[in-house]
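First to last, the sequence lines map onto chains A and B. Residues 1 to 356 (full-length UniProt numbering) make up the first sequence, in order. Residues 1 to 356 (full-length UniProt numbering) make up the second sequence, in order. Think of the CB as a built atom: it goes at the ideal place given N, C-alpha and C, for glycine as much as any other residue. Remember, predicted model here, so these are calculated numbers, not experimental data.
Number of protein chains: 2
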Amino acid sequence: MTRLENDTFIRALLRQPVDYTPVWMMRQAGRYLPEYNQTRARAGDFLALCKNPALATEVTLQPLDRFPLDAAILFSDILTIPDAMGLGLYFSTGEGPRFERPLREEREILSLIVPDPDTHLRYVMDAVTEIRKALNNRVPLIGFSGSPFTLACYMVEGASSSDYRQIKTMLYTRPDLLHHILDVTAQAVITYLNAQIEAGAQTVMIFDSWGGALSHAAYQEFSLRYMNQILEGLKREHNGERIPNILFTKGGGLWLESIMASGCDAIGLDWTIDIGEARRRTQDKVALQGNLDPAVLFSSPEAIAAEVGKILASYGHGHGHVFNLGHGISQFTPPENAKALVEAVHTQSVRYHQVG
Amino acid sequence: MTRLENDTFIRALLRQPVDYTPVWMMRQAGRYLPEYNQTRARAGDFLALCKNPALATEVTLQPLDRFPLDAAILFSDILTIPDAMGLGLYFSTGEGPRFERPLREEREILSLIVPDPDTHLRYVMDAVTEIRKALNNRVPLIGFSGSPFTLACYMVEGASSSDYRQIKTMLYTRPDLLHHILDVTAQAVITYLNAQIEAGAQTVMIFDSWGGALSHAAYQEFSLRYMNQILEGLKREHNGERIPNILFTKGGGLWLESIMASGCDAIGLDWTIDIGEARRRTQDKVALQGNLDPAVLFSSPEAIAAEVGKILASYGHGHGHVFNLGHGISQFTPPENAKALVEAVHTQSVRYHQVG
Numbered sequence: 001m002t003r004l005e006n007d008t009f010i011r012a013l014l015r016q017p018v019d020y021t022p023v024w025m026m027r028q029a030g031r032y033l034p035e036y037n038q039t040r041a042r043a044g045d046f047l048a049l050c051k052n053p054a055l056a057t058e059v060t061l062q063p064l065d066r067f068p069l070d071a072a073i074l075f076s077d078i079l080t081i082p083d084a085m086g087l088g089l090y091f092s093t094g095e096g097p098r099f100e101r102p103l104r105e106e107r108e109i110l111s112l113i114v115p116d117p118d119t120h121l122r123y124v125m126d127a128v129t130e131i132r133k134a135l136n137n138r139v140p141l142i143g144f145s146g147s148p149f150t151l152a153c154y155m156v157e158g159a160s161s162s163d164y165r166q167i168k169t170m171l172y173t174r175p176d177l178l179h180h181i182l183d184v185t186a187q188a189v190i191t192y193l194n195a196q197i198e199a200g201a202q203t204v205m206i207f208d209s210w211g212g213a214l215s216h217a218a219y220q221e222f223s224l225r226y227m228n229q230i231l232e233g234l235k236r237e238h239n240g241e242r243i244p245n246i247l248f249t250k251g252g253g254l255w256l257e258s259i260m261a262s263g264c265d266a267i268g269l270d271w272t273i274d275i276g277e278a279r280r281r282t283q284d285k286v287a288l289q290g291n292l293d294p295a296v297l298f299s300s301p302e303a304i305a306a307e308v309g310k311i312l313a314s315y316g317h318g319h320g321h322v323f324n325l326g327h328g329i330s331q332f333t334p335p336e337n338a339k340a341l342v343e344a345v346h347t348q349s350v351r352y353h354q355v356g
Numbered sequence: 001m002t003r004l005e006n007d008t009f010i011r012a013l014l015r016q017p018v019d020y021t022p023v024w025m026m027r028q029a030g031r032y033l034p035e036y037n038q039t040r041a042r043a044g045d046f047l048a049l050c051k052n053p054a055l056a057t058e059v060t061l062q063p064l065d066r067f068p069l070d071a072a073i074l075f076s077d078i079l080t081i082p083d084a085m086g087l088g089l090y091f092s093t094g095e096g097p098r099f100e101r102p103l104r105e106e107r108e109i110l111s112l113i114v115p116d117p118d119t120h121l122r123y124v125m126d127a128v129t130e131i132r133k134a135l136n137n138r139v140p141l142i143g144f145s146g147s148p149f150t151l152a153c154y155m156v157e158g159a160s161s162s163d164y165r166q167i168k169t170m171l172y173t174r175p176d177l178l179h180h181i182l183d184v185t186a187q188a189v190i191t192y193l194n195a196q197i198e199a200g201a202q203t204v205m206i207f208d209s210w211g212g213a214l215s216h217a218a219y220q221e222f223s224l225r226y227m228n229q230i231l232e233g234l235k236r237e238h239n240g241e242r243i244p245n246i247l248f249t250k251g252g253g254l255w256l257e258s259i260m261a262s263g264c265d266a267i268g269l270d271w272t273i274d275i276g277e278a279r280r281r282t283q284d285k286v287a288l289q290g291n292l293d294p295a296v297l298f299s300s301p302e303a304i305a306a307e308v309g310k311i312l313a314s315y316g317h318g319h320g321h322v323f324n325l326g327h328g329i330s331q332f333t334p335p336e337n338a339k340a341l342v343e344a345v346h347t348q349s350v351r352y353h354q355v356g
């Protein structure tokens, strides 16, 4: 059994008392950091970086060496699972991820197979192991996966999409096929996240980046349902330690009550919802993670401190809050503004955790 | 005083009894119609089409000749106001609208002027007059404008944006400058919409396409506040007839209560909110317009009828509902599916309006 030097993040997710509000930033190891860009250049490209455990470890730790963040997150891509399923992930310059073989044909859909995490996704587990070693228990390590619906969007569209035409056409004309994709993908996510936990991930987060593009009814049936399936299959403990989980549906503010009903430990919030209102609606039954607009980091340390103050005040006194951005940090963020964010959260949050 | 042959749409917006739920489709005069593409080709390009009242009239009426829609909407662009302010609107192929001179410099911002609708926007008023003549009171005509925040997004970014970096940087570093842009733009929208009403628009709609990109607090301060200002200056009657208004913030489902507090007649809803839930939250104090996912129109008449049925059932018995899509109809929509939508609404909605 290992003891974390700083377990504030884990305690906040479990709604236990903490001395201050922990903070990390989605995509904290990323292009806004010059040292990241250097490592990435050495790797060759983004995908090569993801698939190289030593370099993935290096970039995972870079933001921690700059800022006193309360958690590290595995450096990887959300599309590792469909890549391991054989769809042929690649990144075309300036256009984001693409698949060589998008899923369209019934025959291909019905022959989808859950990839074995120990072979095709071995590089992810190796990265988790190596990062844990390098972290040496400074802070906890977050593992993650895309949600089944978000993965299916990329798998069916073949790339990111502005109108989700292919997958929504399938959803409304052949829901049986989409359910099949989602079911196999949910099984794959369970296997994948449990392997990450066994390799050393101390929290797991599910990124449902695109569930917010669905209607309220379709969200329940095609996104949340499969995140529920994952939670049922997910390890909640490992080596006697609780492994908290976080569900994050971008644009999911209207659906908090049903997300909470999944039994998750924490809900990630984007910046469109008032976090105090979210706390009232979820009645302190889950932890909340969020929810600064990443665009605030384009401003100044003073403006950042003011916006951080509003979120802390809106959440109010008591535990169960992990500070984060409402979406990934932008590549155009000045690193000193990320530093100002972390400092503002740590400094200003202390008074909300004092007893009496 | 003229009498509309079909005033179902106006009555529904005013929450008066109707025999069935009226329906129209955002962007109903558009690229999914082959006859629209022909007229547009004759005009030369999209902007030339907007600026030619005779051709704008032609395309406005095209969908009404195909489908028994309950309202017509002025064919125009939301960016006419910034164009009239001198920013130099143009459309680059495949990239959407752009401005030659985006607003960045304080000096330029402080010299913004409310354009005179009778000169620089004369072509819009001429189109309204000509469309009213051509409609000959078949159905009411909707006039519209972009919201101040949405217009400001384009004006400051210079084009559509995925991260709103320029305008949000201004919002968090120089809110005074953004407030100035929004105030002048709100005045321009008031003048513009009132001129449309005098020219014959029988309802006005404000499209806040990008307000949903803001945080809850910034939405109140930078988007809704200026829509409130517009409502205060907007004519509510003309020639003894009520002129209802509709506010539509895409992604605004979390903020219905504050939108309703503006005193608007109706709120437009995208598809992420359950319309029955929206009705409970707004307590029948405003009409609701929406809210089918336009992607449903990629499916089949049967699937469309089923999804229409779910929305009508969720809204339930009683008046105050205008059926619409939750966003503009896609260019990839088969016209026969748009027809199926209109038929399904008209047929299935009758029973929700029967008394006793």
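Separation of B:Pro-97 from A:Ser-262, as counted between CA atoms: 42 angstroms
Taking only the alpha-carbon atoms, compute the straight-line gap between A:Ile-19 and A:Asp-70 and give it to the nearest angstrom. It is Asp, not Ile, that sits at residue 19 of chain A in the sequence shown. In a straight line, the C-alpha of A:Asp-19 is about 12 angstroms away from that of A:Asp-70.
Spatial neighbours of A:Glu-307 within its chain, please: C-beta separation below 7 angstroms, excluding the five flanking residues on both sides. Leu-292, Val-296
Hey, how far is the Cα of A:Leu-103 from the Cα of B:Gly-251? 29 angstroms
List the residues of chain A whose Cβ lies closer than 7 angstroms to the Cβ of B:Trp-271, in chain order. Ser-215
Would you call the stretch 264-279 of chain A and the stretch 141-158 of chain B touching, i.e. three or more CB-CB distances under 8 angstroms? no
Chain A within 8 angstroms of B:Asp-293, Cβ atoms only: yes
For B:Asp-208, which beta-bridge partners are listed by DSSP? B:Thr-249
With a 10 Å radius around its C-beta and 16 neighbouring C-beta atoms as the bar for buried, classify B:Asn-136 as buried or exposed. exposed
For the stretch 52-70 of chain A against the stretch 335-355 of chain A, are there 3 or more C-beta pairs whose distance is under 8 angstroms? yes
Which same chain residues end up closer than 8 angstroms to B:Phe-332 when comparing Cβ atoms and leaving out the 5 residues on each side of it in sequence? Tyr-32, Phe-298
Is B:Phe-323 helix, strand or coil by DSSP? strand
Which bits of chain B does A:Val-296 rub up against, with CB to CB less than 7 angstroms? Tyr-172
B:Gly-253: buried (16+ other C-beta within 10 angstroms of its C-beta) or exposed? buried
Under 9 angstroms Cβ-Cβ, which residues of chain B neighbour A:Ser-300? Tyr-172, Thr-173
Taking 8 angstroms as the CB-CB limit, is B:Phe-9 close to chain A? no
Which first and last residues belong to the alpha helix (DSSP H) in which B:Leu-288 is found? First-last for B:Leu-288: 287-292, but that is the beta strand (DSSP E), not the alpha helix (DSSP H).
Taking only three categories from DSSP, how would you classify A:Gly-143? strand
For A:Arg-11, count neighbouring Cβ atoms within 10 angstroms of its own Cβ and tell me buried if that reaches 16, exposed if not. buried
Nearest CA to the CA of A:Arg-279: which residue from A:Ala-134, A:Ala-127, A:Ile-311? A:Ile-311
B:Asn-37 to B:Cys-50 span [Cα, whole Å]: 13 angstroms
How many whole angstroms separate the CB atoms of A:Thr-185 and A:Ile-275, which I take to be in contact at a CB cut-off of 8 angstroms? That pair is no contact at about 30 angstroms.
State the beta-bridge partners of B:Gly-268 as determined by DSSP. B:Phe-248, B:Gln-289
State the Cα-Cα distance for the pair A:Leu-247 and A:Ser-209, rounded to the nearest angstrom. 10 angstroms
Counting only C-beta atoms, is B:Ser-349 closer than 8 angstroms to chain A at any point? no
Does any residue of chain B bring its CB to less than 8 angstroms from the CB of A:Tyr-164? yes
Check the Cβ-Cβ distances between B:Asp-183 and every residue of chain A, and say whether any is below 8 angstroms. no
Nearest residue (CA-CA) to A:Gly-30, options A:Ala-54, A:Leu-13, A:Ile-73: A:Ile-73
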